[in-house]
Structure formats: structure tokens, C-alpha cells
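Have a look at the structure below, then the notes.
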Amino acid sequence: MAKKQKYYVVWVGKVPGVYLNWKECEAQISAFPGAKYKGFDTLEEAEKAYDSQFSSYISFAGTVEKKILKQPASAIIKDSISVDAACSGNPGIMEYRGVHTATGRQLFHQGPFPRGTNNIGEFLAIVHGLAYLQQHQKFTMPIYTDSATAISWIKAKKARTQLSPDLKSAALFDMISRAEDWLKNHTWKNPIIKWETNSWGEIPADFGRKS
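Numbering (the numbering used here), first residue to last: 29 to 239.
See below:
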């Protein structure tokens, strides 16, 4: 009988994130003091556990990482970009956008794509935001996202999706490839900050489609 696949969350390790097998997880926790990790039966459970317990931001091309505590709404940096993705199904029709946090003014929008996932959309939205800020010479403006999974993908400079490419998602996977190349070939100082939904409400870029 084949051994059932497990998924692993690393909250404290070399590169926190969700990993698809024990070998990848072990590489992040081996010889790391105080490592914190756990295995889950499904990817959905792992991603929910990671999102609910890990709050961090990264900057300087992923070389600086800090834990931040939940803060009041007054702590929100108003002059910033907020990004979000919406997906009808998993996978399903997906789109993403970025807005100015203080005003809600939409700065960019992509989609809808016929076949994607929310995590892919969040990942692409962050990379789009970083490129947008560099283009406009705003080298320290923060980006808010409510997806800790996307933050971990940015840190790894790799979209760790299980979605397989097909005709419907070919254009999306081309964007993913270009986004990964952008991350590998650029540096940035813009902090990427976890939006605290429980404390602050929905992120300003939210599409407002939750039931």
C-alpha cells in the first residue's frame, strides 16, 4: 500500500513556508535552533495552519525577516499598496489587483484567468506590486497582503503551486515563470507586510465576493 502523502508547515526554520514532502521540510529545520513545524494530511489544511499562525514581513530581497505582533488599525501604513486575489473555485477563474491602501484607488489589475488558484494570484499580485513600485521609483513603499503562503513563495522566489499547466492555464504559467525570473534578477527594499484581517478587517484590495 502506497504511503499517503503528507504536507508540512514550517513556521520557524531556514525558510518558513508550506512544503510538499518531508525532504524539503527537513532541509528547512535541520540544525535550526527552535524549529517549529508540523505535518498535515492535505495541502488545504497546511496552508490554513500556516496562514493562521505565521505573521511576518520580508524586505531587502528576502534577506531580512521579522516577526510582528497584531497591531491596532492606527499601525497601518496608509501610503502603501494592498494586493488581493479572487478565485471562483480551487482551481477556478482567478484575478488579482493592487490598490492604494489609503484611498482604495486601483493601481493595477490582471485577469480574469480561466484556471488558477488564490495563492497564485496573491503571489503574482505581490510581484506585480514590486515591479510597479520600482517603475515608479517608490523603493521603500510597503506592500500588504493577507496571504502568508504568498509571502513564503516570494521569500523562496518560487511559486510552489500544485496546479498543473494545461491549455486553460498556459498564459498564467507564463506569467508565473516571468514573475519568478523577476524575483531572481531584482532586489528590493519594499517591506512585504502580512495584513492582519482579524484586527483590521478585509484588506482594501479585497474583491468583496465573500458570502
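Quick reminder that beta carbons are idealized off the backbone N, C-alpha and C, glycines included. Just so you know, these numbers come straight off a predicted model, no measurement behind them.
Under 7 Å Cβ to Cβ from residue 196, same chain only, skipping five residues before and after it: list those, please.
-> Within the sequence shown, numbered from 1, the residue matching residue 196 stands at position 168. Answer for residue 196: 142 and 143, listed in chain order.
Residues near residue 62 in its chain [Cβ-Cβ closer than 8 Å; skip 5 each side] | By one-based count along the sequence shown, residue 62 stands at place 34. Once the five neighbours on either side are set aside, the close Cβ partners of residue 62 are 40.
Give a yes or no on whether the C-beta atoms belonging to residue 36 and residue 77 are separated by under 8 Å.
-> Here the question's residue 36 lines up with position 8 in the sequence shown. Here the question's residue 77 lines up with position 49 in the sequence shown. Cβ atoms of residue 36 and residue 77: not closer than 8 Å.
Going by Cα to Cα distance, which pick from 223, 202 and 205 is closest to residue 176?
-> Counting from 1 along the sequence shown, the entry for residue 176 is found at position 148. Of the candidates 223, 202 and 205, the one whose C-alpha sits nearest the C-alpha of residue 176 is 223.
Cα separation between residue 70 and residue 216?
-> Stepping through the sequence shown from its first residue, residue 70 is reached at position 42. Stepping through the sequence shown from its first residue, residue 216 is reached at position 188. Each residue's alpha carbon lies about 34 Å from the other.
Check each candidate in 218, 120, 146 and 188 and name the one with the smallest Cα separation from residue 164.
-> By one-based count along the sequence shown, residue 164 stands at place 136. Looking at the Cα atoms, 218 is the closest of the given residues.
Can you name the residues that DSSP bridges to residue 114?
-> Residue mapping note: residue 114 aligns to position 86 of the sequence shown, counting from 1. For residue 114, the pairing in a beta bridge is given by DSSP as 123.
Determine the direct distance from the alpha carbon of residue 44 to that of residue 57, and round the result to whole angstroms.
-> On the sequence shown, residue 57 is found 29 positions in, with the first residue counted as 1. On the sequence shown, residue 44 is found 16 positions in, with the first residue counted as 1. So the alpha carbons of these two residues sit roughly 9 Å apart.
Go to residue 200, then tell me how far its alpha helix (DSSP H) extends in each direction, as first and last residue.
-> Here residue 200 refers to the residue found at position 172 of the sequence shown. Looking at the DSSP string, the run of the alpha helix (DSSP H) that includes residue 200 is 198-213.
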